Amino acid sequence: MWDGTLGEINTTVHRIELIPETRPIAQDPYRAGPKAREVEDAEVQKMLEAGVIEPAQSEWASPVLLLKLRKCEFFVEKIKYLGHVVRPGTLEVDAARTVALEQVRYPQTQTQLRSFLGLCNVYGRFVLHYAKVAQPLNQLLKKGQPVQLEGFDEPCKKAFHKLKDAILAPPVLALPKKDLPYSVDIDASDYQIGAALVQTHPDAQRKLIGFFSRTLASAERNYSVSEKECLAVIWAVQTLRPYLYGEHFIVHTDHASLRWLMNVTDPSGRLIRWRLRLSEFDFEIKYKKGKANSQADALSRLRTAGETELICEQAVDPFCNRIKEEMDTGKVRKFSMETEELEGTLCRTAADFVQVVIPQSLRDRVLGLRHYAKLAGHPGGRKLYKTLRRYFYWPAMALDCYAVAKNCAACARERVKLRRNTKEMKLFTPKAPLEFVAIDICSIIPPWGFLVRLDQQRDLVL
Numbered sequence: 001m002w003d004g005t006l007g008e009i010n011t012t013v014h015r016i017e018l019i020p021e022t023r024p025i026a027q028d029p030y031r032a033g034p035k036a037r038e039v040e041d042a043e044v045q046k047m048l049e050a051g052v053i054e055p056a057q058s059e060w061a062s063p064v065l066l067l068k069l070r071k072c073e074f075f076v077e078k079i080k081y082l083g084h085v086v087r088p089g090t091l092e093v094d095a096a097r098t099v100a101l102e103q104v105r106y107p108q109t110q111t112q113l114r115s116f117l118g119l120c121n122v123y124g125r126f127v128l129h130y131a132k133v134a135q136p137l138n139q140l141l142k143k144g145q146p147v148q149l150e151g152f153d154e155p156c157k158k159a160f161h162k163l164k165d166a167i168l169a170p171p172v173l174a175l176p177k178k179d180l181p182y183s184v185d186i187d188a189s190d191y192q193i194g195a196a197l198v199q200t201h202p203d204a205q206r207k208l209i210g211f212f213s214r215t216l217a218s219a220e221r222n223y224s225v226s227e228k229e230c231l232a233v234i235w236a237v238q239t240l241r242p243y244l245y246g247e248h249f250i251v252h253t254d255h256a257s258l259r260w261l262m263n264v265t266d267p268s269g270r271l272i273r274w275r276l277r278l279s280e281f282d283f284e285i286k287y288k289k290g291k292a293n294s295q296a297d298a299l300s301r302l303r304t305a306g307e308t309e310l311i312c313e314q315a316v317d318p319f320c321n322r323i324k325e326e327m328d329t330g331k332v333r334k335f336s337m338e339t340e341e342l343e344g345t346l347c348r349t350a351a352d353f354v355q356v357v358i359p360q361s362l363r364d365r366v367l368g369l370r371h372y373a374k375l376a377g378h379p380g381g382r383k384l385y386k387t388l389r390r391y392f393y394w395p396a397m398a399l400d401c402y403a404v405a406k407n408c409a410a411c412a413r414e415r416v417k418l419r420r421n422t423k424e425m426k427l428f429t430p431k432a433p434l435e436f437v438a439i440d441i442c443s444i445i446p447p448w449g450f451l452v453r454l455d456q457q458r459d460l461v462l
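Heads up: the sequence shown begins at 1 in the UniProt record's numbering, then just goes up one per residue.
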């Protein structure tokens with residue numbers, strides 16, 4: 001019977017034969033989180049104490065790390081490393097590496113565009129929804145696109161400037177700290193999935209460690225909404241595995257995707273594999289309602305006017321341009337003080353929610369979606385305005401809502417039907433002769449006729 005103690009045997013000597021003059025392969029060690037390293041170190045120590053393994057002196061197992069003295073710095077408050085500035089507890093972008101971006105103009109060729117995107121990729125973790133922002137530019141590098149870029153359309157120009165602005169003024173990221181809880185904010189759209197890794201500190205501050213995102217493959221774009229949300233969670237925890245493995249963390253999402261994944265009956269092979277991948281992580285799900293993300297919720301309700309179209313129409317709308325000019329010059333009025341740009345979209349902060357400013361060209365479409373659509377129910381002017389003002393804003397919106405409800409032909413027909421159900425009109429009872437006289441034309445043989453006058457009190461023809 002085996003008592004559980006590991007033993008050893010020396011009857012056979014094993015040796016790995018190598019080709020003569022073979023040199024050790026330069027390979028980075030596998031990345032592992034602190035919890036995983038603790039378990040690995042404990043198991044290795046047990047086997048060392050049991051004599052199962054022993055320290056190896058081979059250059060293959062114990063490579064010597066050499067550091068050049070001229071590249072080393074000691075007793076400094078910050079270190080510049082691969083385009084980043086590392087300080088105690090923080091990670092920043094090295095401004096000396098990105099200052100040249102201020103002079104960069106629109107790329108004229110695919111090679112120039114690749115060079116620009118290559119620099120942006122290095123600092124992708126500093127840019128919120130990086131894959132989504134860069135998507136119009138990546139489309140220009142697809143197979144079949146001309147090598148010479150004749151000109152940028154409006155979405156590409158906005159993506160170009162947004163990337164430049166985000167990298168020239170990046171956030172300061174926090175370095176992960178041991179024994180502090182992690183949380184992952186998940187985001188999924190039609191073309192992109194992304195995540196934000198955050199740590200909660202003892203003072204209740206949520207400090208950002210980085211943004212992570214990627215575009216969806218053509219096959220993944222055919223997934224349902226629930227599958228895309230699940231894919232975002234799967235990809236996020238796998239990408240952030242060195243941070244999350246062995247830790248208890250919270251996943252924030254605005255869709256009950258994981259509940260659907262765990263409860264779906266007769267899952268496909270892909271869904272089964274997703275379940276297995278998640279089984280090795282210790283996490284809990286917290287759902288964010290749409291109200292917790294008002295701007296994204298409002299944009300999602302504007303289904304027929306996509307985000308790109310909305311940004312383009314705002315760029316040419318006189319009212320939106322006037323507000324932006326007031327914001328840039330500092331000569332703001334009361335309304336301008338309530339507006340801000342969120343992810344390139346002009347929005348207005350009102351009470352406890354955010355309203356998207358709708359340009360003139362899209363207002364009829366928004367009104368139609370909430371009034372003429374089959375499931376809208378043709379609400380009246382007051383109800384229509386109350387519904388729209390929760391998500392959208394434009395001047396005199398209430399008047400437009402009442403005008404749509406008043407001029408709707410279907411609503412007019414319903415109003416006539418309602419009047420038919422009213423009681424018959426009753427005549428006043430006359431109290432004296434000639435108080436009420438009824439007049440009518442009686443035509444027995446056209447074109448001849450008679451003017452008839454009747455005293456209603458005496459029923460007397462006059």
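Even for Gly, the Cβ is constructed at its ideal location relative to N, Cα and C. Bear in mind the structure is a predicted one, so any value in this text is a computation, not a measurement.
Among the options, which has the Cα closest to the Cα of residue i?
i	options	result
Q199	S361, P430, D185	D185
A403	D364, P107, D165, L434	D364
S361	P379, D317, L388, Y385	D317
K162	Y123, V133, D179, A96	V133
residue 476	Q27, E38, K383	Residue 476 lies beyond the stretch modelled for the chain, which goes from 1 to 462, so this question has no answer here.
R15	S58, K157, R458	S58
H378	C401, E284, V356	C401
I193	L128, V104, R105, C120	L128
L65	D28, P20, E338	D28
P88	P176, G151, E17	P176
residue 467	Q314, L278, D455	This structure leaves residue 467 out entirely; the chain is present only between 1 and 462.
Can you check DSSP and say which residues form a bridge with residue i?
i	result
Y402	Bridge partners of Y402: none, in fact.
F392	V356
E340	C347
A196	D185, F211
L460	D455
K286	H252
I439	R453
E92	V85
By DSSP, does residue i sit in helix, in strand, or in coil?
i	result
G210	strand
A305	Unreliable placement is indicated for A305, whose pLDDT of 45 sits below 50; no coordinate value is reported for it.
K78	coil
E220	helix
V127	coil
R70	helix
Q110	helix
R31	coil
R87	strand
A174	strand
V133	helix
If you drop the 5 nearest sequence neighbours on each side, which residues of the same chain put their C-beta closer than 7 Å to that of residue i?
i	result
C442	G449, F450, V452
Using the rule of at least 16 other Cβ atoms within 10 Å of the residue's Cβ for burial, across every protein chain shown, is residue i buried or exposed?
i	result
F212	buried
Q145	exposed
I323	buried
A50	exposed
L367	buried
T98	buried
T22	exposed
Q205	exposed
L276	exposed
I'd like the list of long-range same chain contacts for residue i, defined as Cβ closer than 8 Å, with 5 residues on each side in sequence excluded.
i	result
H84	L91, E92, V93, D94
R125	L173, G210, F211, F212
A32	E40, P242, Y245
R370	A376, P379, L384, T387, L388
Please indicate yes or no: does the CB of residue i lie closer than 7 Å to some heavy atom of the ligand MN?
i	result
A236	The model on display carries no ligand, and the ligand MN is accordingly not part of it.
Among residues of its own chain, excluding the 5 on either side of residue i, which ones have a beta-carbon nearer than 6 Å to its beta-carbon?
i	result
A188	K228, E229, A232
A196	D185, F211
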